[in-house]
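Asks:
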Amino acid sequence: MKYQKANVFKITSLCLVLLFLGLMSASVTHAESFSFVTKWGSAGSSDGQFSSPCGVVIGPSGNVYVVDTSNHRIQEFDSSGSFITKWGSYGNSNSGSNPGPEGVAVDSSGNVYVADTNSHRILKFDSSGTLITQFGSYGSGDGQFNSPIGVTVDSSGNVYVADSSNCRIQKFDSSGTFITKWGSEGTGLGEFEFPRGVAVDSSGNVYVADSSNQRIQKFDSSGEFIIAWGSWGSGDKQFYNPSGVAVDSSGNVYVIDTDNPRIQKFNSNGKYLAQWGSWGSDDGQFSNPYGVFVDSSSNVYVADTYNNRIQKFNNTGTFIAKWGSEGSGDGQFSNPYGVVVDSSGNFYVIDTNNQRVQKFNSSGTFVTKWNTSNTDGDFNNPHGIAADSSGNIYVADTSNNRIQKFDSSGTFLTKWGSEGSDEGKFESPQDVAVDSSGNVYVVDANNYRIQKFDSSGEFITSWGSQGSGHGQFEYPHGIAVDSSDNVYVLDWNYYWYYGSRVQKFNSNGKYLTQWGSDGSNDGQLYNPQDIAVDSSGNIYVADTDNNRIQKFNNTGTFLFKWGYSGSGDGQFSNPQGIAVDSSGNVYVADTSNNRIQEFSISEELPYYSVNGHYYNAVSAPDGITWTDAKTAAESSTYLGMNGHLATITSQGENDFIYNNLGVTPNYYWLGAFHSDDSQEPDSGWQWVTGEPWNYTYWNSGQPDDAYESALQFYYGDKWNDYYRYYGQSGYIIEYEQPVLPVANFSANVSEGYAPLSVQFIDLSENATSWLWDFGDGTNATEQNVSHTYTSVGKYTVNLTVSNADGSDSEVKTEYIIVNEPLPGAPVANFTANVTSGTAPLEVQFTDESTGNVSAYAWDFDNDGTVDSIEQNPAYTYAATGTYTVNLTVTGPGGSDSEVKTGYIEVSSPSPSKLVAAFSASPTSGKVPLKVAFTDTSTGSPTSWKWDFGDGSKSFLQNPIHKYSKAGVYTVSLRVKNDADRDTVTKTDYIKVIVKPVANFTSSVTSGKVPLKVAFTDTSTGSPTSWKWDFGDGSKSFLQNPTHKYSKAGIYTVNLIVKNAQGSNAVTKTEYIAVVAKPVADFSATPTSGKAPLNVAFTDNSTGVPTAWKWSFGDGTTSREKNPEHQYLQGGSYKVTLTVVNAAGSSTTTKTNYIKVTTNTKPGIYSESK
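Residues in the sequence shown are numbered consecutively from 1, following UniProt numbering.
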């Protein structure tokens, strides 16, 4: 990423060095290459763990500094990867990382009420933001709150609060005096599970968004239940975590159906009227909307939370306007959760993650804001890091729009920059570098420029503007400086119009040269994130979305590359940071693998760009047989690639080996042989890889003998066969990336009545053999197989596929469900949403068959081929014509077909501008999810470029892509022809989920009373709801709540998480220890007797002590909790106990407590005298 003139370190793996020396003993053309040395890190937040590390740099002492981006910190390691220290925590223009305020309301006087959720209170401001009063505290008593979210005001000025984690509604007057409450935890009428939203109509009726019960409940103003509606689902009048509710002047009810995501409109009795919205970022689309309000004109305002904006609609859902973008400037938002409009038309937005309220007039113009703060040494998504020659560390604190400077131990020194476009201000600084004079260069990404400062932050100069010309930038992202103070800048474009490139400047910003374009070939780049320079001036680029590192000379000539997608050594998953030390060792922030990988420099093997393979000639001066050479080649690896004896399949490959490996005039074995030692036409030969024999560039007169059965290189660039066991002088190894199989399959039916016949369809990639396990004790090895289940039950199906490079299995649990057979013959019937139109015409078919149906077979053009087995499929007719559609349904009572002749008529489209469009099926499901994408663009595109949102891409017209990880993915398609190009992006289009697995951590697990604990959800599987039980009778439904324990004790904490795939719980027993100052007390038995007297002491102290010190009065002590002690002499003894915990200590003394008698005089240790 940056140039350092310091001495730094190199780690070398002994086994790799020995392997390398063995491979490179031949005489070859020498260049540089890279071999994996070591790695460290894993996913997490502990010391030495990472969460999306995006930058790495080496200090002058050889220590490694890592930008641990999503953990908001810097970590320092020594040269072996051992953790040294860390600094930084979350911070931006707000204070703290806990959830901020989430609810807001305005009364008729313009006063603003804010539900300050995590502080468990209601704040009341005047319309200019001056605090008037506040009420509430943490608890479950009247007037107390536990994570209040929703707040509203009726026409009389009464305030209603959705006291979410207490599962109730509370009513107050305008000064905060408690009036009444209703509700408790549960699913019955009038009970709640995490109520989020609350609204009041003109008659005083109260509507509550009962979020986790997936319903709306209506009450009168005193809390008497009237009606409820809703259930879980995505149909009309169904909900998926409803979060907000509003009422217009006509009594119509508008509900924010957050996770569906949409607005649903009902009358006051719950009758469904209309809906609008879908996933996305276009006008009228939403991403996790949380707040809704209706003004006096019945315009609907929506807090489109994850799109960081407000949208405005009329009461029929017609889009009117929007405003806002992500940020912390005036008029920008970070996860706004609520919006409300006052009687003058001004509206107020809860800008949750910015911890503030913003006020706008009715046209969206910013008016004012309140509540902000800042902290030195904190970070918000830091991305770039550099070290100067003195060991000082510079961090591009990206979302705080500043540069922070630290010494090598992490002590804060200075900072400069703020949001803006003036000199010394930044818009999303992405990277930072330091030259040999200590000047600092900053990639000011969203201002499309580079800024240069001295080491104290004084502005020197800047260059750049938006564009694709020389010295212009579209999205500058990485920067590095060489020893001559030349500056290299990575620049790329989100929409591929200009591609990715490296631009080179002198230290004053004068443009020198550039290289690179968008793609995956050598020298091309795909969303590169970082750049570094070695001491020789060579350039290294983290080619992020190609999952590789590329090396160039200082004029941009491609030299070398390594890496491909994976988690093995030398493989990458979205590498985003790179650095080179003075010894040339390369450090890569392997971001999505949450680790750092180090590579050392050795000699580079010749690289043949036509097939992407590497070659090595290994010398064997004492001779080696073909069999031994084959074994040695197949046991060697290079940069994660497997080796084999070279296979020559073209004249170009032949000439490359001849001209680059220096094998003449010696004899070197190749990977072809004659399998049976019979007389030899060319067809008797085969390659060791199993590829077809298709190269016959023989030396004159060869092959010429039945026993010359292995191929070797002969002087004069020709190939010759030779006796297999003769000792040749070397062999040639070819390295190529493994092609691993990926298992997947589907079935024409997954549930039906016994006997159930199922056609299994292999959807695997790169497979050459198949093994099916049907779950009923039977197996099969065909690729596509039909199997009949005769018994009722739920069957797990496992497909294992293999090829020469490995195997993979796909297990679908309880995939086939076989039910008891039912009588009744099916009768086929169907309809379509359209029956005519221009090509391409997308038609949605709807099954209307009757009877018991277990399988569907659709033939959309009546050509005898089954086109779909779904019940209600969609099909796109690409060509003009008249089509007959046939549906055959099958059930336990037989089968039936419905044929509609000439049902679909498709006409030619009129010539039109190129417009990108696509569809996909399915768009949601559990992991792994295989999605078929269909190009529906118009205007005759000739090329396609897909970005599936998970780092993968395709250039096919209609690709099939497998999503292997849970998440919500944005998909884009760019189409081109000779005259035009267009791009369409569908935000959050594919949703891949798994059943969640609950887990959590906490900021502390012990401390003195009162103890405030911040709980952090670390569950996997993308849960959508959370239920915490803190063990002291309190609960919360926030994802990351903060809870205050007010009494000493040991508490067990339980978390239940849910999503559409199911629920899961985790319980941590005696997890939180809350202590008060202890009060010492004890007892003993017996307290008197004859010597020697054995006494058992019992600690009865309160306050959970953690340490004890006993003094038994005879000169002896103990630190056990409940000790036993023997008194040897007579006397009366004073016993003292001191107990200690984190809150303090306490001592109690009992005089003459133990009385010991004897036949002689009293013991000299008596303390009663």
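For glycine and all other residues, C-beta sits at the position ideal for the given N, C-alpha and C.
Tell me which same chain residues have a C-beta within less than 8 Å of the C-beta of ASN659, skipping the five on either side of it?
Replies: Your numbering for residue 659 matches position 659 in the sequence shown. The answer is none, since no qualifying residue turns up.
Asks: What residues in its chain sit with their C-beta under 8 Å from that of VAL739, if we drop five residues either side in the sequence?
Replies: Indexing the sequence shown from 1 puts residue 739 at position 739. Cβ within range, chain order: ASN766, ASN803, ASP805.
Asks: Going by DSSP in three states, ASN118 sits in which element: helix, strand or coil?
Replies: Position 118 of the sequence shown, counting from 1, holds the residue named residue 118. It is helical.
Asks: DSSP has LYS1058 in a bridge; who is on the other side?
Replies: As a working note, residue 1058 is residue 1058 in the sequence shown. Beta-bridge pairing links LYS1058 to SER1025, SER1063.
Asks: Once DSSP output is grouped into helix, strand and coil, what is the label at TRP492?
Replies: The residue given as residue 492 occupies position 492 in the sequence shown. Coil at TRP492, not helix or strand.
Asks: By how many angstroms is the C-alpha of PHE1112 removed from the C-alpha of VAL1156?
Replies: Within the sequence shown, the letter at position 1156 stands for residue 1156. Within the sequence shown, the letter at position 1112 stands for residue 1112. Approximately 13 Å between the Cα atoms of the pair.
Asks: I need the straight-line Cα distance from HIS961 to ASN527, nearest angstrom please.
Replies: To locate residue 961, count along the sequence shown from 1; it is residue 961. To locate residue 527, count along the sequence shown from 1; it is residue 527. Taking the straight line joining both Cα atoms gives about 20 Å.
Asks: Taking the beta carbon of LEU123 as the centre, do at least 16 other beta carbons fall within 10 Å, making it buried, or is it exposed?
Replies: For this step, residue 123 is matched to residue 123 along the sequence shown. LEU123 should be labelled buried.
Asks: Hey, ASP431 and GLY391: beta-carbon distance below 8 Å or not?
Replies: For the purposes of this step, residue 431 is taken as the residue at position 431 of the sequence shown. For the purposes of this step, residue 391 is taken as the residue at position 391 of the sequence shown. No, they are not a contact pair.
Asks: If you follow the beta strand (DSSP E) that ASP628 is part of, which residue opens it and which one closes it?
Replies: Reading the sequence shown from its first residue, position 628 is the one you call residue 628. Where ASP628 is concerned, there is no enclosing beta strand (DSSP E), although the alpha helix (DSSP H) it sits in stretches over 626-634.
Asks: Three or more C-beta pairs closer than 8 Å, one from the segment 870-890 and one from the segment 839-846: is that the case here?
Replies: Yes, the segment 870-890 is in contact with the segment 839-846.
Asks: Can you give, in chain order, each stretch of the beta strand (DSSP E) that sits fully within the segment 457-544 and has at least 3 residues?
Replies: Listed in chain order, the complete beta strand (DSSP E) runs (minimum 3 residues) inside the segment 457-544 are 459-463, 476-481, 487-491, 501-505, 511-515, 530-533, 539-543.
Asks: Hey, could you find the ends of the alpha helix (DSSP H) ASN654 is sitting in?
Replies: Within the sequence shown, residue 654 is the residue found at index 654, counting from 1. Per DSSP, ASN654 belongs to the alpha helix (DSSP H) from 651-660.
Asks: For my contact list, VAL1009 and ALA1076 are in at a C-beta cut-off of 8 Å; report their separation, rounded to the angstrom.
Replies: Here residue 1009 refers to the residue found at position 1009 when the sequence shown is read from its first residue. Here residue 1076 refers to the residue found at position 1076 when the sequence shown is read from its first residue. Yes, VAL1009 and ALA1076 are in contact; Cβ-Cβ is about 5 Å, under 8 Å.
Asks: What number of angstroms, rounded off, separates the C-alpha of ALA1084 from the C-alpha of ASN1054?
Replies: For the purposes of this step, residue 1084 is taken as the residue at position 1084 of the sequence shown. For the purposes of this step, residue 1054 is taken as the residue at position 1054 of the sequence shown. Each residue's Cα considered, the two are about 38 Å apart.
Asks: Would you mind listing the beta strand (DSSP E) stretches within the segment 139-197 that are 3+ residues and don't spill past its ends, in chain order?
Replies: The qualifying runs are 148-153, 159-163, 168-172, 178-182.
Asks: Quick one: residues in its chain with C-beta nearer than 8 Å to the C-beta of GLY1033, no 5 flanking neighbours on either side, listed in chain order?
Replies: The residue labelled residue 1033 in the question sits at position 1033 within the sequence shown. So the qualifying residues of the chain are SER140.
Asks: Using three-state DSSP, classify ASN1094 as helix, strand or coil.
Replies: Residue numbering aside, residue 1094 sits at position 1094 when the sequence shown is read from its first letter. Reduced to three states, the DSSP call for ASN1094 is strand.
Asks: Measure the alpha-carbon distance for GLU634 versus GLY643 and round it to whole angstroms.
Replies: Locating residue 634 in the sequence shown gives position 634, where the first residue counts as 1. Locating residue 643 in the sequence shown gives position 643, where the first residue counts as 1. Distance between the alpha carbons of GLU634 and GLY643 is about 5 Å.
Asks: Do LYS926 and ILE990 have their C-beta atoms within less than 8 Å of each other?
Replies: Against the sequence shown, residue 926 aligns to sequence position 926. Against the sequence shown, residue 990 aligns to sequence position 990. Cβ atoms of LYS926 and ILE990: not closer than 8 Å.
Asks: The beta strand (DSSP E) with ASP896 in it runs from where to where?
Replies: As a position in the sequence shown, residue 896 is number 896, starting the count at 1. ASP896 -> beta strand (DSSP E) spans 894-907.
Asks: Leaving out five residues on either side along the sequence, give the residues of the same chain with a beta carbon under 7 Å from the beta carbon of ALA1080.
Replies: Locating residue 1080 in the sequence shown gives position 1080, where the first residue counts as 1. So the list reads SER1101, LEU1137, THR1138, VAL1139, SER1146, THR1147, THR1148, once near-sequence residues are dropped.
Asks: Given 8 Å as the limit, is there contact between the segment 931-949 and the segment 972-982, that is, 3 or more CB pairs closer than that?
Replies: Yes, the segment 931-949 touches the segment 972-982.
Asks: Please state the DSSP three-state secondary structure of SER592.
Replies: As a first step, residue 592 is located in the sequence shown; it is residue number 592 there, counting from the start. Three-state DSSP puts SER592 in a helix.
Asks: So, ILE450 versus TYR488, is the Cβ gap smaller than 8 Å?
Replies: Taking the sequence shown and counting its residues from 1, one reaches residue 450 at position 450. Taking the sequence shown and counting its residues from 1, one reaches residue 488 at position 488. No, Cβ-Cβ distance for ILE450 and TYR488 is not below 8 Å.
Asks: ASN447 and GLU427 - do their beta-carbons sit closer together than 8 Å?
Replies: What you label residue 427 is simply residue 427 of the sequence shown in a count that begins at 1. What you label residue 447 is simply residue 447 of the sequence shown in a count that begins at 1. Going by C-beta atoms, GLU427 is nearer than 8 Å to ASN447.
Asks: Among the candidates SER619, TRP463, ASP522, whose CA atom is the shortest distance from the CA of TYR511?
Replies: By one-based count along the sequence shown, residue 511 stands at place 511. Minimum Cα distance to TYR511 is reached at TRP463.
Asks: Going by DSSP in three states, ALA445 sits in which element: helix, strand or coil?
Replies: In the sequence shown, the residue the question calls residue 445 occupies position 445. ALA445: helix per DSSP, three-state reduction.
Asks: Below 8 Å, can you find three or more Cβ-Cβ pairs linking the segment 878-893 to the segment 905-924?
Replies: Yes, they touch.
Asks: Provide the residue(s) that pair with ASN748 in DSSP beta bridges, ordered along the chain.
Replies: Position 748 of the sequence shown, counted from the start, is the residue given in the question as residue 748. DSSP output for ASN748 lists no bridge partner at all.
Asks: Ignore the nearest five residues each way along the sequence and tell me which others in THR901's own chain have a CB closer than 6 Å to its CB.
Replies: In the sequence shown, residue 901 corresponds to position 901, counting from 1. THR884.
Asks: Can you tell me which of the three DSSP states ASN886 falls into?
Replies: In the sequence shown, the residue the question calls residue 886 occupies position 886. Correct three-state label for ASN886: strand.
Asks: Take THR1151 and list the residues in its own chain whose beta-carbon comes closer than 6 Å to its own, dropping the five residues that flank it on each side.
Replies: Indexing the sequence shown from 1 puts residue 1151 at position 1151. Around THR1151: LYS1134.
Asks: Compute the beta-carbon to beta-carbon distance between THR1042 and VAL1013, rounded to the nearest angstrom, for a pair I have assumed lies under 8 Å.
Replies: Your numbering for residue 1042 matches position 1042 in the sequence shown. Your numbering for residue 1013 matches position 1013 in the sequence shown. Indeed they touch by this definition, with Cβ atoms about 7 Å apart.
Asks: Is any non-hydrogen atom of the ligand NAP found closer than 7 Å to the C-beta of ALA804, if you look at the structure I gave you?
Replies: The ligand content of the structure shown is nil, which means the ligand NAP is not present either.
Asks: With distance defined between alpha-carbon atoms, name the residue in PHE948, VAL1095, PHE366 nearest to PHE1082.
Replies: For this step, residue 1082 is matched to residue 1082 along the sequence shown. Taking only the C-alpha atoms, the option nearest PHE1082 is VAL1095.
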